[in-house]
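Presented below is the structure to which this report refers.
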């Protein structure tokens, strides 16, 4: 797992490691081959078999922060867009722009296919590209379900 997380393709992705079982946590902490990773590790140990398999329920995918981002986006966009719209997640910022147009302006490396982060043109905060894309898709889905 540590080798994969250090591979260039995986290093670019906003990944997290979730440890649900004590055996996995012990193996991760042992770090037998002394390979360091920058990926965040979340220890969410389960105490029973039912908790470990989820008790028939899936793990929550959207976090509260992402829900706030979507709520803000809905308020700013107001009607079904014909394109995917990027909306800055910063609470005070009102920046929004079609995702494709933003990508064209933000690509800085000629061989870069997908940016890792962009700087918001309005508030100058750094925003993960994956967060903008996920929110743009959620926004499209929201207006499609209406």
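Residue numbers (my numbering): 8 to 153.
Even glycine gets a Cβ: it sits at the ideal position worked out from N, Cα and C.
Short of 8 Å in beta carbon distance, which residues of its chain neighbour residue 94, apart from the five on each side in sequence? Order them along the chain.
Answer for residue 94: 76, 79, 80, 83, 84, 102, 103, 139, 142, 143, 146, listed in chain order.
Whole-angstrom distance between residue 98 and residue 74, CA atom to CA atom:
Cα to Cα, residue 74 sits roughly 12 Å from residue 98.
Beta carbon proximity, residue 17 to chain D, threshold 8 Å:
Protein chains in the displayed structure number just one, and chain D is not present.
Inspect the beta-carbon positions of residue 150 and residue 90 and report whether they are closer than 8 Å.
With contacts defined as CB atoms closer than 8 Å, residue 150 and residue 90 fail to qualify as a contacting pair.
Would residue 121 be called buried (16 or more neighbouring beta carbons within 10 Å of its own) or exposed?
Here residue 121 is exposed: its Cβ has fewer than 16 other Cβ atoms, across all protein chains shown, within 10 Å.
Measure the Cβ-Cβ separation of residue 46 and residue 32 and say whether it is below 8 Å.
Their beta carbons are not under 8 Å apart, which means residue 46 does not touch residue 32 by this criterion.
With DSSP run on the structure shown, which of helix, strand or coil describes residue 62?
Only weak support is given to the placement of residue 62: the predicted model assigns it a pLDDT of 43, under 50, and the question is left unresolved by the model.
Per DSSP, the bridge partner or partners of residue 46
In the DSSP output, where bridge partners are listed per residue, residue 46 has none listed.
Which residues in the same chain have their Cβ closer than 8 Å to the Cβ of residue 2, if we skip the five residues on either side of it in sequence?
This structure cannot settle anything about residue 2, because the visible part of the chain is limited to 8 through 153.
Taking only the alpha-carbon atoms, compute the straight-line gap between residue 152 and residue 21 and give it to the nearest angstrom.
Residue 152 and residue 21 have their C-alpha atoms spaced approximately 28 Å apart.
Within the continuous beta strand (DSSP E) that includes residue 26, where are the two ends?
For residue 26, the enclosing beta strand (DSSP E) begins and ends at 24-26.
Around the C-beta of residue 109, are 16 or more other C-beta atoms found within 10 angstroms, so that it is buried, or is it exposed?
So residue 109 counts as buried.
Beta-carbon spacing of residue 12, residue 51 below 8 Å
No.
Cβ atoms of residue 42 and residue 9: under 8 Å apart, would you say?
A Cβ-Cβ contact shorter than 8 Å links residue 9 with residue 42.
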